[in-house]
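Report on the structure given below.
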Amino acid sequence: MQNSFYREIINDHNLRPLHKHMLPRAQRELRGVNPSCGDDITLRLTVRDGVIEEGAYTGDGCAISQASADMMLDLVLGKTTEEALHLADIFLRMIKGGASAEEIGELEEAGSLIDVSHMPARVKCAVLGWHTLQNLLGEE
Amino acid sequence: MQNSFYREIINDHNLRPLHKHMLPRAQRELRGVNPSCGDDITLRLTVRDGVIEEGAYTGDGCAISQASADMMLDLVLGKTTEEALHLADIFLRMIKGGASAEEIGELEEAGSLIDVSHMPARVKCAVLGWHTLQNLLGEE
Amino acid sequence: MDVKAVRRDFPLLSGGSSLAYLDNAATAQKPEAVLRAIRDFYETSNANPLRGLYALSQRATDAYEEAREAVRDFIGAGSAEEIIFTRNATESLNLVAYSYGSLLQAGDEIAVSVTEHHSNLLPWQQLAGRTGAVLRWIECDAAGIITEDAFRSALSERTRLVAMAQVSNVLGRENDIRTFARIAHEAGAVFVCDGAQSVPHMPVDVRALGVDFLAFSGHKMCGPMGIGVLYGRRELLEKMPPFLFGGEMIEYVTREGATWAELPHKFEAGTVNAAGAVGLKAAIDYYRAVGFDEIVRREEALSELAYRTLAGIPHLRILGAPEGAEDSAVREGAGAERHGIFSFTLDGVHPHDIAEILSADGIAVRAGHHCAQVLLQHLGVSSAARVSLAFYNTEEEILRLGESLRSVRRRMGYAE
Amino acid sequence: MDVKAVRRDFPLLSGGSSLAYLDNAATAQKPEAVLRAIRDFYETSNANPLRGLYALSQRATDAYEEAREAVRDFIGAGSAEEIIFTRNATESLNLVAYSYGSLLQAGDEIAVSVTEHHSNLLPWQQLAGRTGAVLRWIECDAAGIITEDAFRSALSERTRLVAMAQVSNVLGRENDIRTFARIAHEAGAVFVCDGAQSVPHMPVDVRALGVDFLAFSGHKMCGPMGIGVLYGRRELLEKMPPFLFGGEMIEYVTREGATWAELPHKFEAGTVNAAGAVGLKAAIDYYRAVGFDEIVRREEALSELAYRTLAGIPHLRILGAPEGAEDSAVREGAGAERHGIFSFTLDGVHPHDIAEILSADGIAVRAGHHCAQVLLQHLGVSSAARVSLAFYNTEEEILRLGESLRSVRRRMGYAE
Ligand SMILES: Cc1ncc(COP(=O)(O)O)c(C=O)c1O
Ligand SMILES: Cc1ncc(COP(=O)(O)O)c(C=O)c1O
Numbered sequence: 001m002q003n004s005f006y007r008e009i010i011n012d013h014n015l016r017p018l019h020k021h022m023l024p025r026a027q028r029e030l031r032g033v034n035p036s037c038g039d040d041i042t043l044r045l046t047v048r049d050g051v052i053e054e055g056a057y058t059g060d061g062c063a064i065s066q067a068s069a070d071m072m073l074d075l076v077l078g079k080t081t082e083e084a085l086h087l088a089d090i091f092l093r094m095i096k097g098g099a100s101a102e103e104i105g106e107l108e109e110a111g112s113l114i115d116v117s118h119m120p121a122r123v124k125c126a127v128l129g130w131h132t133l134q135n136l137l138g139e140e
Numbered sequence: 001m002q003n004s005f006y007r008e009i010i011n012d013h014n015l016r017p018l019h020k021h022m023l024p025r026a027q028r029e030l031r032g033v034n035p036s037c038g039d040d041i042t043l044r045l046t047v048r049d050g051v052i053e054e055g056a057y058t059g060d061g062c063a064i065s066q067a068s069a070d071m072m073l074d075l076v077l078g079k080t081t082e083e084a085l086h087l088a089d090i091f092l093r094m095i096k097g098g099a100s101a102e103e104i105g106e107l108e109e110a111g112s113l114i115d116v117s118h119m120p121a122r123v124k125c126a127v128l129g130w131h132t133l134q135n136l137l138g139e140e
Numbered sequence: 001m002d003v004k005a006v007r008r009d010f011p012l013l014s015g016g017s018s019l020a021y022l023d024n025a026a027t028a029q030k031p032e033a034v035l036r037a038i039r040d041f042y043e044t045s046n047a048n049p050l051r052g053l054y055a056l057s058q059r060a061t062d063a064y065e066e067a068r069e070a071v072r073d074f075i076g077a078g079s080a081e082e083i084i085f086t087r088n089a090t091e092s093l094n095l096v097a098y099s100y101g102s103l104l105q106a107g108d109e110i111a112v113s114v115t116e117h118h119s120n121l122l123p124w125q126q127l128a129g130r131t132g133a134v135l136r137w138i139e140c141d142a143a144g145i146i147t148e149d150a151f152r153s154a155l156s157e158r159t160r161l162v163a164m165a166q167v168s169n170v171l172g173r174e175n176d177i178r179t180f181a182r183i184a185h186e187a188g189a190v191f192v193c194d195g196a197q198s199v200p201h202m203p204v205d206v207r208a209l210g211v212d213f214l215a216f217s218g219h220k221m222c223g224p225m226g227i228g229v230l231y232g233r234r235e236l237l238e239k240m241p242p243f244l245f246g247g248e249m250i251e252y253v254t255r256e257g258a259t260w261a262e263l264p265h266k267f268e269a270g271t272v273n274a275a276g277a278v279g280l281k282a283a284i285d286y287y288r289a290v291g292f293d294e295i296v297r298r299e300e301a302l303s304e305l306a307y308r309t310l311a312g313i314p315h316l317r318i319l320g321a322p323e324g325a326e327d328s329a330v331r332e333g334a335g336a337e338r339h340g341i342f343s344f345t346l347d348g349v350h351p352h353d354i355a356e357i358l359s360a361d362g363i364a365v366r367a368g369h370h371c372a373q374v375l376l377q378h379l380g381v382s383s384a385a386r387v388s389l390a391f392y393n394t395e396e397e398i399l400r401l402g403e404s405l406r407s408v409r410r411r412m413g414y415a416e
Numbered sequence: 001m002d003v004k005a006v007r008r009d010f011p012l013l014s015g016g017s018s019l020a021y022l023d024n025a026a027t028a029q030k031p032e033a034v035l036r037a038i039r040d041f042y043e044t045s046n047a048n049p050l051r052g053l054y055a056l057s058q059r060a061t062d063a064y065e066e067a068r069e070a071v072r073d074f075i076g077a078g079s080a081e082e083i084i085f086t087r088n089a090t091e092s093l094n095l096v097a098y099s100y101g102s103l104l105q106a107g108d109e110i111a112v113s114v115t116e117h118h119s120n121l122l123p124w125q126q127l128a129g130r131t132g133a134v135l136r137w138i139e140c141d142a143a144g145i146i147t148e149d150a151f152r153s154a155l156s157e158r159t160r161l162v163a164m165a166q167v168s169n170v171l172g173r174e175n176d177i178r179t180f181a182r183i184a185h186e187a188g189a190v191f192v193c194d195g196a197q198s199v200p201h202m203p204v205d206v207r208a209l210g211v212d213f214l215a216f217s218g219h220k221m222c223g224p225m226g227i228g229v230l231y232g233r234r235e236l237l238e239k240m241p242p243f244l245f246g247g248e249m250i251e252y253v254t255r256e257g258a259t260w261a262e263l264p265h266k267f268e269a270g271t272v273n274a275a276g277a278v279g280l281k282a283a284i285d286y287y288r289a290v291g292f293d294e295i296v297r298r299e300e301a302l303s304e305l306a307y308r309t310l311a312g313i314p315h316l317r318i319l320g321a322p323e324g325a326e327d328s329a330v331r332e333g334a335g336a337e338r339h340g341i342f343s344f345t346l347d348g349v350h351p352h353d354i355a356e357i358l359s360a361d362g363i364a365v366r367a368g369h370h371c372a373q374v375l376l377q378h379l380g381v382s383s384a385a386r387v388s389l390a391f392y393n394t395e396e397e398i399l400r401l402g403e404s405l406r407s408v409r410r411r412m413g414y415a416e
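Protein chains in written order, with my numbering: chain C, 1 to 140; chain X, 1 to 140; chain U, 1 to 416; chain R, 1 to 416.
Written as structure tokens, this is what we have:
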């Protein structure tokens, strides 16, 4: 499983991330860390009228943590904060094995991380960005 | 083993001790205790010119601890403190399995406690009086 | 219950030895299922749990966490994070005394019953010494019973912690933990329950009892040695500092300081005893397979028989029983109330001699202070013999015990 | 050494699985002899040791005390009373920190090396916090080596205690304990040696080394989980207060206070893990049967091969190795010096991804901070992969590791 898993989307998002950069005009930022493995992400967003207009992350960590954050931003940019939280909820349930196929469809590319639900040691990596997003948006 | 062991000399010394009484004119007294089982002996002696003239014990405890003290007094009364310490040394070695048959002969009746060397849980009971004697005579 | 079949599950009991093992309060025998579970773990899942990314370590982690879940379910805890694996009940109680105890201050009061095992007494006595807290004693009556009045009179508005066993390891009496925990809470104290002698013998539900902490040992309930449990209410565990420091219990460490892992790991420093936890789970499964109700019923019946047998023996005095109880006078249920634990003396014979003679007859009982010197002082004896039963004991073993006991005074040289 | 034969002794390794288990520094696999010893204990000798007067309890006591004697002999201690059974090395070190630590005062100094495992670091950091003692760091150089100068400069006339591992669990380097212990003693300090990674891999003699305390775990040397050892010099143990309080560690208890049992029981509260101790003895016997010299020779050879293999892999950096070491440049003995422990990074690939990919190839290595965050901060990495060997590993496994590692960057999407 893991072999092919690494070969596809994840490697791409890890090696050639679309959203891994600074965001000078960010309104909000939050750091999320997995102390046990050293995954470390800082998420930055600009929200206007309830819509996530801009977003990016910086950080360091395993392919899964970085790719997952990148896919997440791909998905939530341009969406309302409500929609973003809804998607985060689905993602976290998917990783725990509790989301429907239909819901997973809503996650688009991030749905490919469903494999992590069979890799308990990597769950923390996959959800790091999403938890950080929840905390950042929940902060209002 | 234990069955016959209890049937003989020990029961006799336990039930009808010769030296279990107070000793009003005692010069020296010392208490010895086995905390784990509650064996408790107070040994009292009168020593004149290096000879144990009078001796007795009071206390409480299992048959082995009481009988052993009684036999010990039987043996050391009238002997010099040096001889008494020599006999105590033999007794303690016997219980640990390190005395010769000849030495054990010197212990007279107390030699019957050799069986205790096969009953590790009772070693402390058997040696209580003898240790107390050593401490009492060593105190000078 | 088919006792013969049950005994066949226990290699030590079924190996052709005629030993009557009546020292179950000290430690229980182990069924084949527990031995097999330990071996299986080492043969198929042995790795250091919690940190490995490879499949073997994941298997070890799963086995360990399944054991935690089994314990949670067994004692009715709300969450597996409230289950901390320790070495034994003693360590569980020390953990609370060191960690929760560090929140106490001089002048605070700790109430402990006089019937406690040293493991639920010394940690509090030492804590009082360290902090300047005051140790208050909850007294029992001559029968070993702690009344509500006695309980209340040991408490004050300064009481911060109450420690009490659910079942005494000397008297076998069960304390009314539910009531006492409620009263303790009303006084603003936390309630630490020593379940070492109750969890193996009756269904215990921490939420129904309302206790804040519960400690017990695997080895007394047919599980392996080296594994114990501390249940703690989450809110309390969360505010408590760690006890042991080392691997697996941290979040961040720098030269200046450290932050701690989440529950339950915060309290599990170093490599865990996963094989022990797996063995404990197998013991719980075994209890389930035999049926806990069945176990309780059988132990009650054996207890009744044992009480009647002991009460009928001349010169024998059961600790905490009315003076001179005689066979015919034994009230129904008086035995079952003792949960299979009977401590006694025999006039003129030291308990060590009793145990030695019974041992010669192939009967294993304990003699001594049973790690409850304060209780024995209170009852005015320096030592006692103790019989303690488990469901795998037989009526025949109890009758053999009775016969052997009847012969002891004669064999010690008394004319009956 | 006939490795094939040795591997047949290990059920998990010989069960037809093709797993290359290279996480031995985390925990070792168990030979059949150890599993059998545990089972034998429960089948023939299971009782609560130390207090029973009946034959079964005596057997349990004998088995337990024979295990203590085997440990004494194994590490060259003067007396079995200096051997305390604990749960693991972590608990052993915490015992010293709580108990010996209580004799320290504000302003006293504790010296700890930056290379330590959290289990030999946090207890001292916490002790400093509790007592007001000052924690001083013994620095290592970029290769992870602690020089005598570095050691001396962390000591002062206020140093009361020095804590150091004999072998680092990250770098595999061996510290010159004999020299450091002597210097510590000259400064008036006691020397605590963490032997978790040394005792399983080299003959350790506490008197030859001159250490005051030595801690190690059974599970890292083919013994069971849940049993560890603390060696302590008798004079020190005697003046130390007990750590855990409860059954079996007292002499007298009254309502007012207590006096303690003699060594080693003073430090072994509650029911002991006799089966665990018996399992550890079986592991020691197994080491003897295979031959410790043989084990050391073989582990040195495997270490050499592993170092050469790793050093030859592009983009791979071994922690504490000279920058850009290349296959041909590897000095003879440079691998053996690491006692089978190699931590490394691979440019552009997070260690978790390395471990995951190796796991997919049936190779078990660890990734993370290895409970040594202070060392990793010092070396400037946040995480690393680690290979750790035992005598039952094979050359073929190491070659497979090399191949697999060579493919990792490609499989992560890099063009080599
Ligand atoms: C150097 C070192 N010290 C201490 C420990 C702690 O050992 P344990 O987890 O068995 O307590 C370890 C193992 O993880 C170690 O490698
Ligand atoms: C009531 C009670 N509490 C605590 C303990 C201590 O249990 P352990 O020795 O397993 O820690 C015991 C058993 O000896 C006990 O009977």
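Using N, Cα and C, we set each Cβ at its ideal position, and we do this for glycine too.
The way I'd put it, the segment 143-160 of chain R doesn't touch the segment 393-400 of chain R; fewer than three beta-carbon pairs between them come closer than 8 Å. GLY59 of chain C is a Cβ neighbour of ALA69 of chain C, given a cutoff of 9 Å. A direct Cα-to-Cα measurement between TYR21 of chain R and GLU54 of chain C gives close to 46 Å.
When the five nearest sequence neighbours on each side are left out, the beta carbons in the same chain lying within less than 6 Å of the beta carbon of LEU93 of chain R are those of SER119, ASN120, PRO123, ALA215, in order along the chain.
For MET164 of chain R, the pairing in a beta bridge is given by DSSP as R:CYS193. In the displayed model, LEU310 of chain U falls within a helix according to three-state DSSP.
Taking the Cα of THR46 of chain C as reference, the smallest distance to any Cα among C:LEU30, C:TYR6, C:ASN14 is reached at C:LEU30. In the three-state scheme derived from DSSP, where H, G and I count as helix and E and B as strand, GLY138 of chain X is classed as helix. Only those residues of the segment 221-254 of chain R whose C-beta falls short of 7 Å from the nearest C-beta of chain X are listed: GLU251, TYR252. Taking the Cα positions, PRO351 of chain R is about 59 Å away from VAL123 of chain X. Within the segment 81-120 of chain U, the runs of alpha helix (DSSP H) that reach at least 4 residues and sit entirely inside it are, in chain order, 89-99.
Taking the C-beta atoms as reference points, ALA306 of chain R is found no nearer than 9 Å to ALA67 of chain R. Taking 9 Å as the cut-off, the beta carbon of SER168 of chain R is found closer than this to the beta carbon of ALA372 of chain R. Going by beta carbons, ALA77 of chain R and VAL206 of chain R fall inside the 9 Å limit.
When secondary structure is reduced to three states using DSSP, GLU332 of chain R falls in the coil class, being assigned neither helix nor strand.
Restricting attention to R:TYR42, R:GLU186, R:PHE243, the CA atom closest to the CA of PRO11 of chain U is found in R:TYR42.
Contact of ASP23 of chain U with chain R by beta-carbon distance below 8 Å involves ALA47, ASN48, GLY52, TYR54, SER57. Cα atoms of LEU263 of chain R and ASP285 of chain R: separation of roughly 25 Å, rounded to the nearest angstrom. Neighbours of ALA63 of chain X in chain U, taken as residues whose beta carbon is under 7 Å from its own, are HIS350, ASP353, MET412 in chain order.
Interface residue (Cβ-Cβ distance to chain R less than 9 Å): SER68 of chain X is not classified as such. Looking at the backbone, the Cα of ALA106 of chain U and that of GLY380 of chain U are separated by about 32 Å. Judged by the Cβ position, CYS140 of chain R fails to qualify as a neighbour of ligand 2 at the 8 Å threshold, every heavy atom of the ligand being at least this far. Shortest gap from the CB of CYS371 of chain R to any heavy atom of ligand 1: under 8 Å. LYS96 of chain X sits exposed, since fewer than 16 C-beta atoms from the chains shown fall within 10 Å of its C-beta. With at least 16 other beta carbons inside 10 angstroms of its own, SER382 of chain U counts as buried.
Here ILE341 of chain R is bridged, per DSSP, to R:SER388.
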